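Report on the following structure.
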Amino acid sequence: MTFKLLEKLSQDFSELLNDKEEYNVIIEVGQERNKKSFTAHSAVLRYRSSYFNKELTNTLPNDDNNNKIITNPNISAHIFEIILKYIYGGIIDTENMDTRTIYDFMVVATELEFEELSEKLENHLIESKASWLKTHFTFVYHSIFKNNKFQNLKKFCNDIIAKNPSIIFESAKFTSLHESALISILKRNDLQIDESEIWDYLIQWGTAQNPTLPKKLEKWSDENFITLKTTLQQCLPFIRYFHISNSDVMFKIKPYKKILDKQLWNDLKQYFILPDHPVESIILPPRLVLKQELPERKLENHLIESKASWLKTHFTFVYHSIFKNNKFQNLKKFCNDIIAKNPSIIFESAKFTSLHESALISILKRNDLQIDESEIWDYLIQWGTAQNPTLPKKLEKWSDENFITLKTTLQQCLPFIRYFHISNSDVMFKIKPYKKILDKQLWNDLKQYFILPDHPVESIILPPRLVLKQELPERVKEAFSVIINEEHASMISSWIDNRQTSYSLTNNPYEFQLLLRGSKDGFSPRTFWDICNGHDNTIVVTKVEGTDEIIGGFNPLAWDNTKVGWMKTNKSFIFSFKDVDIQNPILSRVKHENEALWYPSDKVFYGPRFGLWEFRMKSDESNFTQDKKNWCHNSINNKYEKSIRTTDDQFSIIDYEVFKVKKSNIFTLFNYYFYK
Numbered sequence: 001m002t003f004k005l006l007e008k009l010s011q012d013f014s015e016l017l018n019d020k021e022e023y024n025v026i027i028e029v030g031q032e033r034n035k036k037s038f039t040a041h042s043a044v045l046r047y048r049s050s051y052f053n054k055e056l057t058n059t060l061p062n063d064d065n066n067n068k069i070i071t072n073p074n075i076s077a078h079i080f081e082i083i084l085k086y087i088y089g090g091i092i093d094t095e096n097m098d099t100r101t102i103y104d105f106m107v108v109a110t111e112l113e114f115e116e117l118s119e120k121l122e123n124h125l126i127e128s129k130a131s132w133l134k135t136h137f138t139f140v141y142h143s144i145f146k147n148n149k150f151q152n153l154k155k156f157c158n159d160i161i162a163k164n165p166s167i168i169f170e171s172a173k174f175t176s177l178h179e180s181a182l183i184s185i186l187k188r189n190d191l192q193i194d195e196s197e198i199w200d201y202l203i204q205w206g207t208a209q210n211p212t213l214p215k216k217l218e219k220w221s222d223e224n225f226i227t228l229k230t231t232l233q234q235c236l237p238f239i240r241y242f243h244i245s246n247s248d249v250m251f252k253i254k255p256y257k258k259i260l261d262k263q264l265w266n267d268l269k270q271y272f273i274l275p276d277h278p279v280e281s282i283i284l285p286p287r288l289v290l291k292q293e294l295p296e297r298k299l300e301n302h303l304i305e306s307k308a309s310w311l312k313t314h315f316t317f318v319y320h321s322i323f324k325n326n327k328f329q330n331l332k333k334f335c336n337d338i339i340a341k342n343p344s345i346i347f348e349s350a351k352f353t354s355l356h357e358s359a360l361i362s363i364l365k366r367n368d369l370q371i372d373e374s375e376i377w378d379y380l381i382q383w384g385t386a387q388n389p390t391l392p393k394k395l396e397k398w399s400d401e402n403f404i405t406l407k408t409t410l411q412q413c414l415p416f417i418r419y420f421h422i423s424n425s426d427v428m429f430k431i432k433p434y435k436k437i438l439d440k441q442l443w444n445d446l447k448q449y450f451i452l453p454d455h456p457v458e459s460i461i462l463p464p465r466l467v468l469k470q471e472l473p474e475r476v477k478e479a480f481s482v483i484i485n486e487e488h489a490s491m492i493s494s495w496i497d498n499r500q501t502s503y504s505l506t507n508n509p510y511e512f513q514l515l516l517r518g519s520k521d522g523f524s525p526r527t528f529w530d531i532c533n534g535h536d537n538t539i540v541v542t543k544v545e546g547t548d549e550i551i552g553g554f555n556p557l558a559w560d561n562t563k564v565g566w567m568k569t570n571k572s573f574i575f576s577f578k579d580v581d582i583q584n585p586i587l588s589r590v591k592h593e594n595e596a597l598w599y600p601s602d603k604v605f606y607g608p609r610f611g612l613w614e615f616r617m618k619s620d621e622s623n624f625t626q627d628k629k630n631w632c633h634n635s636i637n638n639k640y641e642k643s644i645r646t647t648d649d650q651f652s653i654i655d656y657e658v659f660k661v662k663k664s665n666i667f668t669l670f671n672y673y674f675y676k
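Numbering follows the UniProt record's numbering, with no gaps: position 200 of the sequence shown is 200.
Written out as structure tokens, the structure is:
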């Protein structure tokens, strides 16, 4: 009988990892502040990993103790610690890992040539974490094509793209797609998109790889076409040219005929005149476009009917993306109904000026837009000038050509302004400075109308908008936060009061009064100190880029931009939520009250800082969203009970908010009448 005591063997080898006397290899991973060293044994590494076998063969002993030092700054210490435990013990526990860690673990396992482990992790992600892969689709898809591995993941993703091509073609990062990824898509026979659209996207991708190409095609030289042809030479064979309509061949393919082989272009011309006549070029089969099976409308309606809360929470992202094509009519109406009641949700958005023209026109067409017409004019001018950043900043320096530029930009929007319902003073001080962008007849009619309002004019007078200000309790209806919801607020309020159970949505005694929002007020550390100076009892909440984690902290003390050093309190705490879901939050209260918060001397680079580094906001570029300097560090010197993140990596944020926490008016009145 044979006994295989593998579990005991694994346990013993795992103990060997903790041997700090017999090691002869030092492995350094991570970068700068996150750099960390691990000790290991060359015999184990050689027989467990072909990667380390090669590294050790090519590395000479290079320290005083005759140890070999291997450096890999591209691997985080957190991930490498898991890898090292696997090397020695052969066991991986994914149950206690978040999905991003599993994904990063798989990538590192591939880099270190643990093929069996990498494949198991890949299949585990597909079988058990498909939802996460779809949620982070763009990130996943771009990263798996950096090498020739992850074939199962590539097929998983391409199956999704085949059914929903817009998920990648309409992505903001489409033009940074790796060539091999694009080719793998073009090869699909079941790609659910018209062939002429595929051609459009291919040209878009190809020109983006060559940013020096002239913007206008009529200015292209033969050399420019050769440049594009060279870039696309691996992709062009997978276009189904003979299944593109005559008109699209004429208006889309012909302008770029110089990037095609002459024989192909000649065959293409012949085919559309004599389709039954044989050609020399290979005619690929048509794609199996089964439009009737695409549940786009059902999915669209499902989002509106069942996921309205998510759509509102991610409103700016949704609104900008649905106007990239001529679909999603129901979603567009859903969003425009919200904008009509709360125009500031889009007009005051940080991304307003990047709004697609068709989206802006759809808003201007609304008769029920709840905003003064002169304000609409202001926003329209703001949007138009933003599309032309070379226009002079001061209007008095504008030339006639500058006004023509703005008029051309706004020509589709101007007809929807209700000029005859703008007050005399606003016409004088807001419209008149830009009269050169209006038709002369309109400007003359406008002047006449305000002198003789009963006299007929030639211009069309649109009806006034139905502004029902008395029925719009806008501040009450408007979401108080773009990061947290009422459930988060109730839970945070219960933490403030040291309750064991969370307040319900109806009995939360606190109001969260917004002091600062990064996307509205700016992301520089200086802005934080300027706006929050003097305010006590505040909550800071941030949304982490790439993970959607919510990280925050409560400070009962006043932020003071004149103070420097440690601040004392026993009531502060920090916390985190994995995402908008309030399940399984992490709460960490201060344990060293004399060092609860640090007010920095250099407030140009540092925002709020709780404890040593347990939750710190920092930016060397005066923008918390840019340089990944924010941090939740875990160390033995922590001033708070525990770490609120499972990783020690620094991060950028998507947005952040600061709220002043106040007793709600209802509870204040209650206390006044019953406990005065």
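Where is the CB? At the ideal position from N, CA and C, for every residue including glycine. Just so it is clear, the structure is predicted and the values come from calculations on it, not from any experiment.
The beta strand (DSSP E) enclosing residue i, as first and last residue numbers
i	result
Gln513	Tyr510 to Arg517
Pro608	Tyr606 to Phe610
Gly553	Ile550 to Asn555
Arg100	Taken as a continuous stretch (DSSP letters only), Arg100 belongs to no beta strand (DSSP E), being part of the alpha helix (DSSP H) at Thr99 to Glu111.
Phe615	Phe615 to Lys618
CB contact flag (residue i, residue j, <9 Å)
i	j	result
Leu360	Trp383	yes
Leu514	Ser481	yes
Ser519	Ile551	no
Ile168	Lys129	no
Cys632	Phe615	yes
Ile283	Phe315	no
Asp611	Asn638	Per the sequence shown, residue 611 should be read as Gly rather than Asp. Cβ atoms of Gly611 and Asn638: closer than 9 Å.
Phe80	Phe52	no
Lys430	Lys407	no
Ala386	Arg366	no
Ile259	Leu228	yes
Glu111	Asn74	yes
Lys642	Ile586	yes
In DSSP terms, what residue i is bridged to
i	result
Asp655	Lys543
Leu587	Phe575
Lys68	Val25
Lys640	It is Tyr, not Lys, that sits at residue 640 in the sequence shown. For Tyr640, which the question treats as bridged, DSSP gives the partners Val590.
Tyr599	Gly565
Arg287	Arg287 is not bridged to any residue.
Val661	Phe512
Asn630	Phe651
Bounding residues of the alpha helix (DSSP H) (the contiguous stretch that carries residue i)
i	result
Ser42	Ser42 to Arg48
Met491	Glu486 to Ile496
Lys332	Gln329 to Lys341
Arg526	Pro525 to Cys532
Lys254	Lys254 -> no alpha helix (DSSP H), and no H or E assigned at all.
Met428	No alpha helix (DSSP H) holds Met428; DSSP gives it neither H nor E.
residue 677	Given a span of 1 to 676 for the chain in the structure shown, any question on residue 677 remains unanswerable.
Asn402	Asp400 to Leu410
His535	His535 -> no alpha helix (DSSP H), and no H or E assigned at all.
Nonlocal neighbours in the same chain, by C-beta distance under 8 Å from residue i, ignoring five residues either side
i	result
Glu179	Gln234 and Cys235
Asn594	Trp566 and Lys568
Lys262	none
Ser490	Ser502, Tyr503, Ser504, Leu505 and Asn508
Ser664	Asn508, Pro509, Tyr510 and Glu511
Phe225	Tyr256, Lys258 and Ile259
Close Cβ partners of residue i (< 7 Å) along its chain, the five nearest in sequence each way excluded
i	result
Gln500	none
Glu471	Note on Glu471: pLDDT 45, under 50, position unreliable in the model; the coordinate value appears next. Result list for Glu471: empty, nothing under 7 Å.
His421	Glu373 and Pro464
Ile82	Phe105
Lys660	Gln513, Leu515, His535, Asn537 and Thr538
residue 702	No statement about residue 702 is possible, as the shown extent of the chain runs from 1 to 676 and does not include it.
Neighbourhood of residue i by C-beta, 6 Å cutoff - its chain only, sequence neighbours within 5 removed
i	result
Asp264	It is Leu, not Asp, that sits at residue 264 in the sequence shown. If we look at Leu264 and ignore the five residues flanking it on each side, its Cβ neighbours are Ser281.
Ile87	Arg48
Val658	Leu515, Leu516, Cys532, Thr538 and Val540
Glu55	Ile70
Are three or more beta carbon pairs between the stretch 543–555 and the stretch 644–664 nearer than 8 Å?
yes
Inter-stretch contact at 8 Å, needing at least 3 Cβ pairs: the stretch 519–535 / the stretch 491–508:
no
Given 8 Å, three or more beta-carbon pairs between the stretch 57–71 and the stretch 14–34:
yes
When the Cβ atoms of the stretch 453–462 are set against those of the stretch 422–432, are three or more pairs found closer than 8 Å?
Counting Cβ pairs under 8 Å, fewer than three are found: no touch.
Are the stretch 339–346 and the stretch 387–396 touching by the rule of at least three beta carbon pairs closer than 8 Å?
no
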